[in-house]
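Enquirer: Residue numbers (my numbering), protein chains in the order written: chain A, 559 to 674; chain B, 10 to 123. This is the structure, below, for whatever I ask next.
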Amino acid sequence: AQSVTQLGSHVSVSEGALVLLRCNYSSSVPPYLFWYVQYPNQGLQLLLKYTSAATLVKGINGFEAEFKKSETSFHLTKPSAHMSDAAEYFCAALPEGIQGAQKLVFGQGTRLTINP
Amino acid sequence: NAGVTQTPKFQVLKTGQSMTLQCAQDMNHEYMSWYRQDPGMGLRLIHYSVGAGITDQGEVPNGYNVSRSTTEDFPLRLLSAAPSQTSVYFCASSYSGVPTETQYFGPGTRLLVL
């Protein structure tokens with residue numbers, strides 16, 4: 559079964575520093591991959607998604623993620639953190655051949671804190 | 010356009026009580042889903058619907074019932090609440106079931122079962 563692992567349940571960076579949130583998936587066949595963000599007291603919002611069209615995916619709010627098949631990874635990055643980036647981030651995967659966007663497999667989440 | 014709305018925002022139940030979590034969307038989406046979010050476990054799919062009158066089980070369906078009589082509404086029923094159902098519940102919708110379709114999430118219902 560597909561699984562998604564996010565390394566680090568909490569990540570803390572200084573404002574202006576690089577943000578790197580790690581995500582690895584377990585599958586011999588690359589799945590569709592997603593990053594969602596959850597701001598305090600809100601629902602999840604799609605940041606970006608990998609659909610095999612390009613390995614470097616750009617999303618909203620300056621975030622991007624790079625799909626690396628050899629490492630089974632889909633890490634999320636942002637060159638310069640902003641205070642408004644403080645949130646919880648979820649990596650998710652949809653196994654190849656599975657119909658239904660609702661059948662995403664989610665990682666456990668990474669809470670990002672931004673220090674002034 | 011309100012998107013996906015959920016009520017209530019917060020609820021406290023006693024063990025054995027029943028309740029219904031409401032979810033509505035005004036985007037004419039066919040697909041609707043319920044997830045629960047527990048610390049350190051991400052989101053897990055409870056039930057989903059691919060259209061009015063059609064529902065199916067997800068990963069963790071036990072203790073929950075759903076029905077979909079209209080395109081707009083997808084309520085989640087807890088038949089006899091248990092402390093293990095203490096969680097944050099999210100409703101989501103999407104236009105179709107295409108794997109890369111974006112899902113839109115509601116703000117969540119925080120449930121505490123004593």
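Just so you know, even glycine gets a beta-carbon here, dropped at the ideal spot from N, CA and C.
Could you tell me whether the Cβ atoms of Y44 (chain B) and S103 (chain B) are closer together than 9 angstroms?
Expert: No. Outside cutoff.
Enquirer: For L605 (chain A), count the other beta carbons within 10 Å of its own beta carbon; 16 or more makes it buried, fewer makes it exposed. Which is it?
Expert: Per the 10 Å Cβ criterion, buried.
Enquirer: Of all Cβ atoms in chain B, is any one closer than 9 angstroms to the Cβ of N582 (chain A)?
Expert: So no, N582 (chain A) is outside the interface.
Enquirer: Are three or more beta carbon pairs between the segment 661-674 of chain A and the segment 14-33 of chain B nearer than 8 angstroms?
Expert: They do not touch, by the three-pair rule.
Enquirer: At a Cβ threshold of 9 angstroms, is I656 (chain A) touching chain B?
Expert: Chain B contact via Cβ: present.
Enquirer: For G12 (chain B), name the three-state secondary structure that DSSP assigns.
Expert: Reduced to three states, the DSSP call for G12 (chain B) is coil.
Enquirer: How would you write the range of the beta strand (DSSP E) that I672 (chain A) sits in, first residue to last?
Expert: Looking at the DSSP string, the run of the beta strand (DSSP E) that includes I672 (chain A) is T668 to N673.
Enquirer: Express the C-alpha separation of H568 (chain A) and P70 (chain B) in angstroms, rounding to a whole number.
Expert: The alpha-carbon atoms of P70 (chain B) and H568 (chain A) are separated by roughly 29 angstroms.
Enquirer: Starting from S76 (chain B), find everything on chain A with Cβ-Cβ shorter than 7 angstroms and list it in chain order.
Expert: The premise fails here: S76 (chain B) is roughly 17 angstroms from chain A at the closest Cβ pair, so nothing lies under 7 angstroms.
Enquirer: Please confirm whether G62 (chain B) and G658 (chain A) have their CB atoms less than 9 angstroms apart.
Expert: Not in contact: G62 (chain B) and G658 (chain A) (Cβ atoms no closer than 9 angstroms).
Enquirer: Can you have a look at Q66 (chain B) and say buried or exposed, based on whether 16 or more other CB atoms are within 10 angstroms of its CB?
Expert: Q66 (chain B) is exposed by the Cβ-count criterion.
Enquirer: Taking one C-beta from the segment 68-83 of chain B and one from the segment 570-585 of chain A each time, how about it: are there three or more such pairs within less than 8 angstroms?
Expert: No, the segment 68-83 of chain B does not touch the segment 570-585 of chain A.
Enquirer: Which term fits P637 (chain A), buried or exposed, when burial requires 16 or more other beta carbons within 10 angstroms of its beta carbon?
Expert: Counting Cβ neighbours within 10 Å, P637 (chain A) comes out exposed, since fewer than 16 surround it.
Enquirer: What's the call for A612 (chain A), buried or exposed, on a 16-neighbour Cβ count within 10 Å?
Expert: Burial call: exposed.
Enquirer: Could you check whether A101 (chain B) and G620 (chain A) sit closer than 9 angstroms to each other, using their CB atoms as the reference points?
Expert: Not closer than 9 angstroms, so no.
Enquirer: Taking its Cβ as the centre, do 16 or more other Cβ atoms sit within 10 Å of S42 (chain B), making it buried, or is it exposed?
Expert: Buried, since its Cβ has 16 or more Cβ neighbours within 10 Å.
Enquirer: Would you identify the three-state DSSP class for A611 (chain A), choosing helix, strand or coil?
Expert: Coil.
Enquirer: Is there a C-beta anywhere in chain B that falls below 9 angstroms from the one on V587 (chain A)?
Expert: So no, V587 (chain A) is outside the interface.
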